[in-house]
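Asker:
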Ligand code: PMV
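Numbering (this note's numbering), first residue to last: 3 to 305.
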């Protein structure tokens, strides 16, 4: 049996603006999805969602990866077991992580010798097949790990402080939120255009602060980014309440991560204040995940 894992991700800066070609900064976080594979006579996929064969309802990403490997190799049967720490459908990159970890595990089992950039590319193709449209961000960050500026694919210094995620558990459709922002931009281009380009500038200024490990400045920029995300209509009262709870209890800064409208927020905090920030978000009604940035992208854990 071979086990591979891949991390989730948060956006430090730049979601939504990145859709308009502006830079964004993403950070792999140490909550991981583990995928174990072993030879078998038929395809068996098991996870907390149940045990299936190739099944595009229950296990769409893993099923698509298996089909892709059938084109590349003589694969007939395989047993695949998925265990994930990443909450599903909350903008933390759970689908990218399961896709990338499965690709790496099958690559190891079948000795197809894929390079990391080929794994990232295949992962993006699988996400596009399943979702219709997908940005390459999640699959790239989850493959490579670390803090990455996109679309440049430039690695920044690893964030060396606490990261606290607050999940609203409110469903948010990335597609719908991206289209709401597009509508607002069409109605008020002279107002929304500069907001989106300011968000892009935040990523460029933030790059310097991340690289110099100036987390007070990173936090201030995240707070400004949050204001601008609110301005383009992707906030909600729960996300606001969690971000203020975090800021009032020692976080350097806090903002939505991902599409917004629900989903998750992220705070960065000095390690000694992480407990206070986590408690404050939980008291405001959030499901809390305390984590750290990780340089470890997809990797083989054991065989
Ligand atoms: O919530 P997520 O992780 O799907 O992030 C969406 C990020 C957007 O910038 C809003 C859309 C995109 O494809 O980049």
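Note that the Cβ used here is the ideal one computed from N, Cα and C, for glycine as well.
(1) For a minimum of 4 consecutive residues, which ranges assigned as the alpha helix (DSSP H) are wholly contained in the stretch 57-83?
(2) Which residue marks the beginning of the alpha helix (DSSP H) containing residue 15, and which one marks its end?
(3) Less than 7 angstroms between the CB of residue 126 and some heavy atom of the ligand PMV, yes or no?
(4) CB-CB under 7 angstroms to residue 52, same chain, minus the five flanking residues each way: which ones, in chain order?
(5) From which residue to which residue does the beta strand (DSSP E) around residue 1 run?
(6) With three or more beta-carbon pairs closer than 8 angstroms as the criterion, would you say the stretch 108-127 touches the stretch 83-91?
(7) Give me the Cβ distance between residue 7 and residue 35, rounded to the nearest whole Å; I'm assuming they're in contact under 8 angstroms.
(8) Should residue 235 be listed as close to the ligand PMV, given that the test is whether its C-beta is under 7 angstroms from any heavy atom?
(9) Between the C-alpha atoms of residue 114 and residue 131, what's the straight-line distance to the nearest angstrom?
(10) What's the call for residue 228, buried or exposed, on a 16-neighbour Cβ count within 10 Å?
(11) Mind checking whether residue 259 and residue 20 have CB atoms under 8 angstroms apart?
(12) Alpha carbons only, please: which of 299, 142, 93 and 209 is nearest the one belonging to residue 159?
(13) Taking the alpha carbon of residue 49 as the reference point, which residue from 100, 22 and 263 has its own alpha carbon closest?
(14) Anyone know if the C-beta pair for residue 31 and residue 166 falls short of 8 angstroms?
(15) Where DSSP assigns a beta bridge to residue 52, which residues make up the other side?
(16) Using three-state DSSP, classify residue 215 as helix, strand or coil.
(17) Give a single yes or no on whether residue 263 has its beta carbon closer than 7 angstroms to a heavy atom of the ligand PMV.
(18) If we count the other Cβ atoms within 10 Å of its Cβ and call it buried at 16 or more, is residue 94 buried or exposed?
(19) Classify residue 172 as buried or exposed, calling it buried when 16 or more other Cβ atoms lie within 10 Å of its own Cβ.
(20) Between residue 125 and the rest of its own chain, which residues show a CB-CB distance below 7 angstroms, the 5 nearest in sequence each way excluded?
(21) List in chain order: all unbroken alpha helix (DSSP H) runs of 4+ residues lying wholly within the stretch 118-204.
(22) Using 8 angstroms as the threshold, is the C-beta distance between residue 207 and residue 223 below it?
(23) Per the DSSP calculation, residue 39 is bridged to which residue(s)?
(24) Check whether the Cβ of residue 293 lies closer than 7 angstroms to any heavy atom of the ligand PMV, and answer yes or no.
Answerer: Taking the structure as given:
(1) 62-74
(2) Working through the chain shown from its first residue, we reach residue 15 at position 13. First-last for residue 15: 4-15, but that is the beta strand (DSSP E), not the alpha helix (DSSP H).
(3) Your numbering for residue 126 matches position 124 in the chain shown. Not so, every heavy atom of the ligand PMV lies at least 7 angstroms from the Cβ.
(4) For the purposes of this step, residue 52 is taken as the residue at position 50 of the chain shown. Correct list, in chain order: 60.
(5) Nothing about residue 1 can be read from this structure; the chain reaches only from 3 to 305.
(6) no
(7) What you label residue 7 is simply residue 5 of the chain shown in a count that begins at 1. What you label residue 35 is simply residue 33 of the chain shown in a count that begins at 1. Sure, about 6 angstroms apart at Cβ, within 8 angstroms.
(8) What you label residue 235 is simply residue 233 of the chain shown in a count that begins at 1. Flag unset: Cβ of residue 235 not near the ligand PMV.
(9) As a first step, residue 114 is located in the chain shown; it is residue number 112 there, counting from the start. As a first step, residue 131 is located in the chain shown; it is residue number 129 there, counting from the start. If I take the Cα positions, the gap works out to 22 angstroms.
(10) As a position in the chain shown, residue 228 is number 226, starting the count at 1. Classification for residue 228: buried.
(11) In the chain shown, the residue the question calls residue 259 occupies position 257. In the chain shown, the residue the question calls residue 20 occupies position 18. No, the pair does not count as a contact, with Cβ atoms beyond the cut-off.
(12) Here residue 159 refers to the residue found at position 157 of the chain shown. Residue 209 is the option with its Cα nearest to residue 159.
(13) Taking the chain shown and counting its residues from 1, the one referred to as residue 49 is at position 47. Nearest C-alpha to residue 49: 100.
(14) The residue given as residue 31 occupies position 29 in the chain shown. The residue given as residue 166 occupies position 164 in the chain shown. No; because the gap between Cβ atoms is not below 8 angstroms, this pair is not in contact.
(15) Counting from 1 along the chain shown, the entry for residue 52 is found at position 50. Residue 52 pairs with 49.
(16) To locate residue 215, count along the chain shown from 1; it is residue 213. Note: residue 215 maps to coil in three-state DSSP.
(17) Along the chain shown, read from residue 1 onward, the residue named residue 263 stands at position 261. Incorrect: residue 263 has no Cβ contact closer than 7 angstroms to the ligand PMV.
(18) Along the chain shown, read from residue 1 onward, the residue named residue 94 stands at position 92. Residue 94 comes out buried.
(19) Residue mapping note: residue 172 aligns to position 170 of the chain shown, counting from 1. Residue 172 comes out exposed.
(20) Numbered from its first residue, the chain shown carries residue 125 at position 123. Closer than 7 angstroms at Cβ, skipping near neighbours: 98, 101, 102, 105, 141 and 145.
(21) 118-133, 139-146 and 176-189
(22) Here residue 207 refers to the residue found at position 205 of the chain shown. Here residue 223 refers to the residue found at position 221 of the chain shown. Yes, the Cβ-Cβ distance between residue 207 and residue 223 is below 8 angstroms.
(23) Position 37 of the chain shown, counted from the first residue, corresponds to residue 39. Paired residues: 4 and 82.
(24) Looking up residue 293 in the chain shown gives position 291. Answer for residue 293: no, Cβ out of range of the ligand PMV.
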